[in-house]
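Taken in sequence, the protein lines are chains H and P. Per the working numbering, the first sequence starts with residue 1, numbered consecutively. Per the working numbering, the second sequence starts with residue 336, numbered consecutively.
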Amino acid sequence: MNVPLPESATERPLLEVRGLAMHFPVSEGIVLTRKIGDVKAVDGVDFDIKRGETLGLVGESGCGKTTTGRCILRLERPTAGEILFDGQDVNRMERRDLVVLRRRMQVIFQDPYSSLNPRMKVGDIISEPIKVHGVEPDARRRRDKVRDLLSVCGLDPKFADRYPHEMSGGQRQRVGIARALALDPEFIVCDEAVSALDVSIQAQVVNLLEDLRERFGLTYLFIAHDLSVVRHLCQRVAVMYLGRIVEMADSDELFDNPLHPYTQALLSAVPIPDPRVEAGREFRPTPGEVPSPINPPSGCVFHPRCPMAVEGCRQARPVLRELRPRHWVACSEVN
Amino acid sequence: MTIIAPNRVAADLIDEPTDRKRSTLDVALNFMKRQPLGSFGLLIVVVMFAAGVLAEWIAPFDPEENDFSAMMEAPNLVHWLGTDQLGRDIFSRLVFGARTALIVGFSAAFMGGIIGLVLGVSSAYFGGWFDLLFQRVLDVLMAFPLIILALAVVSVFGTGVFNVILAITIPLIPRCGRVVRASALSVREVPYVDAARALGFSHARIVLRHMVPNVIAPFLILLSAFVGQAILAEASLSYLGLGVQEPVPAWGLMLQGGAEEYATTAPWIAVFPGVAIMLTVLGISLFGDALRDAIDPKLRDR
Chain H
1 MNVPLPESAT ERPLLEVRGL AMHFPVSEGI VLTRKIGDVK AVDGVDFDIK RGETLGLVGE
61 SGCGKTTTGR CILRLERPTA GEILFDGQDV NRMERRDLVV LRRRMQVIFQ DPYSSLNPRM
121 KVGDIISEPI KVHGVEPDAR RRRDKVRDLL SVCGLDPKFA DRYPHEMSGG QRQRVGIARA
181 LALDPEFIVC DEAVSALDVS IQAQVVNLLE DLRERFGLTY LFIAHDLSVV RHLCQRVAVM
241 YLGRIVEMAD SDELFDNPLH PYTQALLSAV PIPDPRVEAG REFRPTPGEV PSPINPPSGC
301 VFHPRCPMAV EGCRQARPVL RELRPRHWVA CSEVN
Chain P
336 MTIIAPNRVA ADLIDEPTDR KRSTLDVALN FMKRQPLGSF GLLIVVVMFA AGVLAEWIAP
396 FDPEENDFSA MMEAPNLVHW LGTDQLGRDI FSRLVFGART ALIVGFSAAF MGGIIGLVLG
456 VSSAYFGGWF DLLFQRVLDV LMAFPLIILA LAVVSVFGTG VFNVILAITI PLIPRCGRVV
516 RASALSVREV PYVDAARALG FSHARIVLRH MVPNVIAPFL ILLSAFVGQA ILAEASLSYL
576 GLGVQEPVPA WGLMLQGGAE EYATTAPWIA VFPGVAIMLT VLGISLFGDA LRDAIDPKLR
636 DR
């Protein structure tokens, strides 16, 4: 299903994330505030994304996927860790480097209703970055470029004169994609980019993202909770739980042969589109709920809910180990 | 769930947008049909503007000229709204007073409103210590009622049209900043602001182009209320003798002086400027309300 990419093992990844942590302070009191703890939204995450690759980042709500994406985009300043984009640390960038980074790295948001400024016409939304970055100073050529971008994203160029509220969700999401493409980026963070759309529109937008990847040689970080979309679109998948990556592998390998108990639980929760199979299937929900990220469990964060947990899981925090070729698992009990 | 669509032709193409260009006349007629009260307000504002701008041509008499042969005359064919105790034509003074009210009311409301708007949105956008400091300064300014703060400013800078404008502008800033900040706080969390940041736009552009236009609806309501308040404040200051000075015609001044003394014998001296103030404030409020509905793209075509 996935197109194998020509890759050289020696090439430096486009994006390297090292020990990324984002802790949001929780404070109490109105006048005299004191810190009572941290929400450890992201707590030590490492991964690489190669040029031209799509990495899926999956996990349930609140596991820190979106925060990871926001840190990469420098919409948040992480508490610790490094994010190297093409070898440069995003967080140490000065103004001039940052302007360049903004052109090379873009984002597509989840909600097509709130990601477009309702007071601006579609054409202005897309042409604004081109104008601000001085890519195309000539107004007429800029208008042509906007029309091109709209048709590349499957919209009639006449939509340039419309306001976002005059369009459907799918059309708006295409506008969001066109805006992200306006600066010819190399890397796009798709933050739940299709999650808010109907299934039929979702398929169209996923196909559009694939086409764009081939056409412009894009690299994606695809954040999602819909596993079938991820399997279709991504070459590699990382599974997050409570701010940490628990498993990372090539897409087919991860879905066919999940090793971490959390990934297994996650995959077993995906319904099978056949009522007979689904009725006869034994479903064992994972006991308990996701613990609070303010006070995460010691050792392996999954141990209170894990069917395989042993005493050692309470103490030592498991590290990602390459148990199979290119298949990394953070679990001390799996071999 | 299947992901692969049978063909890759975008279904969104089917819905072709229609070209709709509307003439200014259409827009105006549409506004009148939809906002009858707003149109009434607009009418008052337009009449007032016309009076203020064309005062020299409309007023039949010099507003500052005394005619001692025609003092305290009741409304008649020569002096349409009568004359005051100094024999000055009330209609002419009302027309010229409209100019004063307009200059002071609009300048103060717009200056106060726009400064408050930019500060309020910036405060919400930057947050942190800037926001905290800004809020405390507003608290201090808000502790004084509008007219008291205006009096304090006038007592520092003195009277006269420009100082009256300044005196009314200052107390309006915190009143605007507070409300605007509240709406801007919710706008800051909306993804299109994040998108603007991710696109590398400057702080000024994000505040002015992406946040300010989206708090404009509450701002316009405020602004229309401010114009009314500013006109009232100017009238009050003038009435108290701390605003516009005689013999410049101003509605507040016209209520002062003889108006009280002759309230029973010559009520027209006080009634007409009073009615003028009331109608103006009402008209501006009605128009502001309608304008808010008309300016919102979501409500516009309904």
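Ideal Cβ placement from N, Cα and C applies to all residues, glycine included. Model, not experiment: these values are computed from the prediction.
| field | Three-state secondary structure assigned by DSSP to residue 52 of chain H | value | The count along the first sequence starts at 1 and reaches residue 52 of chain H at position 52. DSSP places residue 52 of chain H outside both helix and strand once states are collapsed to three, so it counts as coil.
| request: Count the CB pairs spanning the region 408 to 416 of chain P and the region 569 to 586 of chain P that are closer than 8 Å, and state whether there are at least three. | output: The region 408 to 416 of chain P vs the region 569 to 586 of chain P: no contact.
| request: Put residue 374 of chain H into one of helix, strand or coil per three-state DSSP. | output: Shown here, chain H extends from 1 to 335; a query on residue 374 of chain H therefore has no answer.
| Within 9 Å (strictly less), CB to CB, does residue 240 of chain H reach chain P? | Residue mapping note: residue 240 of chain H aligns to position 240 of the first sequence, counting from 1. False, the Cβ-Cβ gap to chain P never drops below 9 Å.
| Can the beta-carbon of residue 304 of chain H be found less than 9 Å from the beta-carbon of residue 288 of chain H? | Position 304 of the first sequence, counted from the start, is the residue given in the question as residue 304 of chain H. Position 288 of the first sequence, counted from the start, is the residue given in the question as residue 288 of chain H. Less than 9 Å separates the beta-carbon of residue 304 of chain H from that of residue 288 of chain H.
| field | residue 173 of chain H - containing beta strand (DSSP E), residue span | value | If you number the first sequence from 1, residue 173 of chain H lands on position 173. Element bounds for residue 173 of chain H: not the beta strand (DSSP E) but the alpha helix (DSSP H), 169 to 181.
| task | Quick one: residues in its chain with C-beta nearer than 8 Å to the C-beta of residue 78 of chain H, no 5 flanking neighbours on either side, listed in chain order? | result | To locate residue 78 of chain H, count along the first sequence from 1; it is residue 78. Correct list, in chain order: 20, 21, 22, 42, 71 and 91.
| Do residue 627 of chain P and residue 565 of chain P come within 9 Å of each other at the CB atom, strictly closer than that value? | Locating residue 565 of chain P in the second sequence gives position 230, counting from the first residue. Locating residue 627 of chain P in the second sequence gives position 292, counting from the first residue. No. Outside cutoff.
| said: Please report the distance separating the alpha-carbon of residue 676 of chain P from that of residue 496 of chain P. | reply: It is not possible to answer for residue 676 of chain P, since the shown part of chain P is limited to 336 through 637.
| query | Helix, strand or coil: how does DSSP classify residue 219 of chain H here? | reply | Within the first sequence, numbered from 1, the residue matching residue 219 of chain H stands at position 219. Looking at residue 219 of chain H - three-state DSSP - the assignment turns out to be strand.
| query | Which residues of chain H have a Cβ atom closer than 9 Å to the Cβ of residue 475 of chain P, listed in chain order? | reply | Residue mapping note: residue 475 of chain P aligns to position 140 of the second sequence, counting from 1. In chain order: nothing, as chain H lies at least about 17 Å away.
| query | By Cβ distance, which residues of its chain are closer than 6 Å to residue 559 of chain P, with the 5 residues on each side in sequence left out? | reply | Within the second sequence, residue 559 of chain P is the residue found at index 224, counting from 1. Taking residue 559 of chain P as the centre and dropping the five residues before and after it, the same chain places the C-beta of 619, 620 and 623 closer than 6 Å to its C-beta, in chain order.
| request: Specify the secondary structure class of residue 93 of chain H as computed by DSSP and reduced to three states. | output: One-based indexing of the first sequence puts residue 93 of chain H at position 93. DSSP, reduced to helix, strand and coil, places residue 93 of chain H outside both helices and strands of the structure shown, so it counts as coil.
| request: Look at the Cβ atom of residue 180 of chain H, then the Cβ atom of residue 113 of chain H, and state whether they are nearer than 9 Å. | output: Locating residue 180 of chain H in the first sequence gives position 180, counting from the first residue. Locating residue 113 of chain H in the first sequence gives position 113, counting from the first residue. Contact: no.
| task | For residue 310 of chain H, count neighbouring C-beta atoms within 10 Å of its own C-beta (all shown protein chains included) and say buried if the count is 16 or more, exposed if not. | result | Counting from one through the first sequence, the residue named residue 310 of chain H turns up at place 310. So residue 310 of chain H ends up on the exposed side.
| message | Could you check whether the region 536 to 556 of chain P touches the region 470 to 478 of chain P, counting it as contact only if at least three pairs of C-beta atoms, one from each stretch, sit closer than 8 Å? | response | No, because fewer than three Cβ pairs between the region 536 to 556 of chain P and the region 470 to 478 of chain P fall closer than 8 Å, the two stretches do not touch.
| message | Taking contact to mean 3 or more Cβ pairs, one atom from each stretch, closer than 8 Å, check whether the region 244 to 253 of chain H and the region 320 to 329 of chain H are in contact. | response | Taking 8 Å as the limit for Cβ pairs, the verdict is that the region 320 to 329 of chain H does touch the region 244 to 253 of chain H.
| query | Which parts of the region 494 to 565 of chain P are runs of the alpha helix (DSSP H), unbroken and 4 residues or longer, counting only runs that do not cross its ends? | reply | Scanning the region 494 to 565 of chain P for uninterrupted alpha helix (DSSP H) segments of 4 residues or longer gives 496 to 523 and 526 to 533, listed from N- to C-terminal end.
| request: Would you give the residue range spanned by the alpha helix (DSSP H) that residue 429 of chain P belongs to? | output: Position 94 of the second sequence, counted from the first residue, corresponds to residue 429 of chain P. Its alpha helix (DSSP H) spans residues 425 to 461.
| If you drop the 5 nearest sequence neighbours on each side, which residues of the same chain put their C-beta closer than 7 Å to that of residue 380 of chain P? | Here residue 380 of chain P refers to the residue found at position 45 of the second sequence. Its chain contains 618, 619 and 622 as the residues whose beta carbon lies nearer than 7 Å to that of residue 380 of chain P, once the 5 sequence neighbours on both sides are disregarded; these appear in chain order.
| field | Inter-residue spacing [alpha-carbon to alpha-carbon] between residue 362 of chain P and residue 139 of chain H | value | Within the second sequence, numbered from 1, the residue matching residue 362 of chain P stands at position 27. Within the first sequence, numbered from 1, the residue matching residue 139 of chain H stands at position 139. Distance between the alpha carbons of residue 362 of chain P and residue 139 of chain H is about 28 Å.
| task | Check whether the Cβ atoms of residue 218 of chain H and residue 192 of chain H lie closer than 9 Å to each other. | result | Counted from its first residue, the first sequence places residue 218 of chain H at position 218. Counted from its first residue, the first sequence places residue 192 of chain H at position 192. It is not a contact, given that the beta carbons lie outside the stated cut-off.
| message | Quick check: the Cα distance between residue 315 of chain H and residue 291 of chain H, rounded to an integer number of angstroms? | response | For the purposes of this step, residue 315 of chain H is taken as the residue at position 315 of the first sequence. For the purposes of this step, residue 291 of chain H is taken as the residue at position 291 of the first sequence. Cα to Cα, the separation comes out at about 17 Å.
| Three-state secondary structure (DSSP) of residue 351 of chain P | On the second sequence, residue 351 of chain P is found 16 positions in, with the first residue counted as 1. The pLDDT assigned to residue 351 of chain P is 48, lower than 50, so where the model puts this residue is not dependable; a value taken from the coordinates is nonetheless given after this. Shown here, residue 351 of chain P sits in coil according to DSSP, grouped into three states, outside any helix or strand.
| task | To the nearest angstrom, report how far apart residue 412 of chain P and residue 586 of chain P are at their CA atoms. | result | Counting from 1 along the second sequence, the entry for residue 412 of chain P is found at position 77. Counting from 1 along the second sequence, the entry for residue 586 of chain P is found at position 251. Taking the straight line from one Cα to the other gives about 22 Å.
| Going along the chain, which residues of the region 104 to 121 of chain H sit with their C-beta nearer than 7 Å to a C-beta in chain B? | Of the protein chains in this structure, namely H and P, none is chain B.
| For residue 459 of chain P versus residue 543 of chain P, is the C-beta distance shorter than 9 Å? | The count along the second sequence starts at 1 and reaches residue 459 of chain P at position 124. The count along the second sequence starts at 1 and reaches residue 543 of chain P at position 208. Not closer than 9 Å, so no.
| Thinking C-beta only, is residue 405 of chain P closer than 9 Å to residue 422 of chain P? | Translated into the one-based positions of the second sequence, residue 422 of chain P becomes position 87. Translated into the one-based positions of the second sequence, residue 405 of chain P becomes position 70. For residue 422 of chain P and residue 405 of chain P, yes; Cβs fall inside 9 Å.
| request: Give the DSSP bridge partners of residue 24 of chain H, in chain order. | output: Counting from one through the first sequence, the residue named residue 24 of chain H turns up at place 24. The secondary-structure analysis by DSSP pairs residue 24 of chain H across a beta bridge with H:39.
| task | With DSSP collapsed to three states, give me the class of residue 46 of chain H. | result | If you number the first sequence from 1, residue 46 of chain H lands on position 46. Correct three-state label for residue 46 of chain H: strand.
| I think residue 359 of chain P touches residue 584 of chain P, with their Cβ atoms under 8 Å apart; what is that distance to the nearest whole Å? | For the purposes of this step, residue 359 of chain P is identified with residue 24 of the second sequence, where counting begins at 1. For the purposes of this step, residue 584 of chain P is identified with residue 249 of the second sequence, where counting begins at 1. About 35 Å separates the two Cβ atoms, so there is no contact after all.
| request: Could you work out which residues of chain H lie near residue 549 of chain P, taking near to mean beta carbons separated by less than 9 Å? | output: Locating residue 549 of chain P in the second sequence gives position 214, where the first residue counts as 1. Chain-ordered, the chain H residues with CB closer than 9 Å to the CB of residue 549 of chain P read 117, 118 and 119.
| How big is the Cα-Cα spacing for residue 224 of chain H and residue 194 of chain H? | Residue 224 of chain H sits at position 224 when you count from the first residue of the first sequence. Residue 194 of chain H sits at position 194 when you count from the first residue of the first sequence. Taken atom to atom, the span from the alpha-carbon of residue 224 of chain H to that of residue 194 of chain H is near 8 Å.
| query | Roughly how many whole angstroms lie between the Cα atoms of residue 93 of chain H and residue 293 of chain H? | reply | By 1-based counting over the first sequence, the position of residue 93 of chain H is 93. By 1-based counting over the first sequence, the position of residue 293 of chain H is 293. Inter-residue distance for residue 93 of chain H and residue 293 of chain H is about 29 Å (C-alpha atoms, whole angstroms).
| Per DSSP, which one or two residues make a beta bridge with residue 105 of chain H? | Counting from one through the first sequence, the residue named residue 105 of chain H turns up at place 105. Residue 105 of chain H is bridged by DSSP to H:187.
| What did DSSP end up calling residue 618 of chain P once you bin it into helix, strand or coil? | Along the second sequence, one-based indexing puts residue 618 of chain P at 283. Reduced to three states, the DSSP call for residue 618 of chain P is helix.
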